[in-house]
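Chemist: The opening residue of the sequence shown carries number 470 in UniProt numbering; numbering runs sequentially from there.
Take this structure, written in structure tokens, and hold onto it; I'll ask about it next.
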Amino acid sequence: GGGNRMQIFSDDMRVKVRERIAAESRLREALSGDLTESLPVWFQPIVSAATGLVVGAEALVRMRTPQGDILGPGHFIPAAEETGLIVPLGEHVLRRAVIRLLEWSDHLEYVSVNVSPRQLAEPDFVPTLANLLAAHPSLDPSRLVVEITETALLGSSVDVRERLEAIKNLGVRIALDDFGTGYSSLTWLQSVPADVVKLDRSFVAGLSADPRKASIIQAVLWLARSLNMSVVAEGVEDPADWHALRELDCPSCQGYLFGKPLPPAEFAATLQPQPEP
Ligand code: C2E
Ligand code: CA
Ligand code: CA
470 GGGNRMQIFS DDMRVKVRER IAAESRLREA LSGDLTESLP VWFQPIVSAA
520 TGLVVGAEAL VRMRTPQGDI LGPGHFIPAA EETGLIVPLG EHVLRRAVIR
570 LLEWSDHLEY VSVNVSPRQL AEPDFVPTLA NLLAAHPSLD PSRLVVEITE
620 TALLGSSVDV RERLEAIKNL GVRIALDDFG TGYSSLTWLQ SVPADVVKLD
670 RSFVAGLSAD PRKASIIQAV LWLARSLNMS VVAEGVEDPA DWHALRELDC
720 PSCQGYLFGK PLPPAEFAAT LQPQPEP
């Protein structure tokens with residue numbers, strides 16, 4: 470900028486900053502209204518690989534704009550994490566998940582909820598979860614699964630392991646999300662008291678045509694079994710991949726082949742097919 474000053478803001482960065490500010494104000498607005506309207510929580514089925522029948526569901530948040538458009542989490546979760554707004558947002562998602570678990574108790578075993586590193590680091594996370602469970606004494610806490618990613622372990626000042634133990638002590642189960650995509654998956658497996666491994670879709674998609682992928686999955690399945698953990702293969706789109714997973718005795722699958730994320734009413738309709746006219 471002249472003298473010894475330097476221009477460090479490119480137009481590109483300006484656009485990014487503007488987008489981030491817009492995302493934050495959209496998020497604040499969404500959180501100030503009726504959350505079930507502005508931040509609907511959708512559900513995607515998780516099926517038994519052997520039977521294809523629904524055993525659980527993953528809760529996936531969306532944003533409905535004032536114009537009525539539906540935005541995926543990529544449009545607002547990063548801003549939510551940076552601003553800390555992920556805390557009230559995450560609590561909302563947990564509440565919706567619990568409500569649906571009770572509603573669908575005859576139709577599915579569990580609902581899993583994504584919990585971001587920022588949420589997990591919050592001192593109030595475990596007490597909030599405990600209060601939520603206490604408010605619904607008829608709910609078996611093991612029907613709730615908390616999904617965490619490897620980044621939760623990194624660069625966190627809190628003792629994540631201790632926090633996860635506290636979650637487990639409530640009876641809630643823990644799943645390692647996007648397993649295999651980080652840099653320390655074995656450390657992760659060794660140090661975290663998890664119940665479920667969610668095998669990332671990069672290992673799953675195309676597995677039937679790729680013997681190396683099949684070998685990796687087979688090894689993870691073996692490892693998980695010997696550690697007493699269950700496995701969900703994510704991103705199953707191709708029937709041939711499903712068949713390969715079944716051959717390998719993978720316990721469960723999730724992916725567009727079995728169903729996309731749907732609003733609760735539409736998801737429930739897939740659980741209770743309308744009788745034939
Ligand atoms: P994720 O936890 O890995 O969730 C799975 C994502 O994969 C979902 O995207 C889902 O729609 C998509 N997916 C499922 N099956 C298939 C498939 O067969 N093929 C392909 N190509 N994709 C599939 P979505 O809903 O856009 O969510 C993206 C990410 O946003 C999630 O990734 C999760 O990290 C985050 N997220 C979603 N809801 C929440 C939330 O309530 N809290 C937090 N902290 N993060 C959330
Ligand atoms: Ca997830
Ligand atoms: Ca995942």
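Glycine residues also receive a C-beta, built at the ideal position from the N, C-alpha and C atoms.
Please read these numbers as outputs of a predicted model, since none were measured by experiment.
1) Could you check whether the Cβ of residue 451 sits closer than 7 Å to any heavy atom belonging to ligand 2?
2) Checking the sheet assignment: what are the DSSP bridge partners for E616?
3) Give me the Cα-Cα distance between F512 and S684, rounded to the nearest whole angstrom.
4) Is the beta carbon of S585 less than 8 Å from the beta carbon of G559?
5) With a threshold of 7 Å, establish whether the CB of R670 neighbours any heavy atom of ligand 1.
6) To the nearest angstrom, how far is the alpha carbon of T597 from that of A678?
7) As an exercise, report each continuous beta strand (DSSP E) stretch of at least 3 residues that is fully enclosed by the stretch 646 to 691, in chain order.
8) Any idea if Y725 is buried or exposed, counting beta-carbon neighbours within 10 angstroms, 16 or more meaning buried?
9) Could you name the residues that DSSP lists as bridge partners for I515?
10) Determine the direct distance from the alpha carbon of D503 to that of N600, and round the result to whole angstroms.
11) For A604, name the three-state secondary structure that DSSP assigns.
Modeler: Concretely, from the data shown:
1) Beyond the ends of the chain as shown, which are 470 and 746, falls residue 451; an answer cannot be given.
2) For the purposes of this step, residue 616 is taken as the residue at position 147 of the sequence shown. E616 is bridged to N583, A644.
3) In the sequence shown, residue 512 corresponds to position 43, counting from 1. In the sequence shown, residue 684 corresponds to position 215, counting from 1. Each residue's alpha carbon lies about 31 Å from the other.
4) Here residue 585 is taken as the residue at index 116 of the sequence shown, counted from 1. Here residue 559 is taken as the residue at index 90 of the sequence shown, counted from 1. The answer is yes: Cβ separation under 8 Å.
5) Residue numbering aside, residue 670 sits at position 201 when the sequence shown is read from its first letter. At least one heavy atom of ligand 1 is nearer than 7 Å to the Cβ of R670, so yes.
6) By 1-based counting over the sequence shown, the position of residue 597 is 128. By 1-based counting over the sequence shown, the position of residue 678 is 209. Using only the alpha carbons, I get a separation of about 45 Å.
7) Within the stretch 646 to 691, the complete beta strand (DSSP E) runs of at least 3 residues are 665 to 668.
8) Against the sequence shown, residue 725 aligns to sequence position 256. Around the Cβ of Y725, a 10 Å sphere holds fewer than 16 other Cβ atoms; the residue is exposed.
9) Start at 1 with the first residue of the sequence shown, and residue 515 comes out as number 46. In the DSSP output, where bridge partners are listed per residue, I515 has G525, Q723.
10) Stepping through the sequence shown from its first residue, residue 600 is reached at position 131. Stepping through the sequence shown from its first residue, residue 503 is reached at position 34. Our two residues, N600 and D503, have alpha carbons roughly 22 Å apart in a direct line.
11) For this step, residue 604 is matched to residue 135 along the sequence shown. Correct three-state label for A604: coil.
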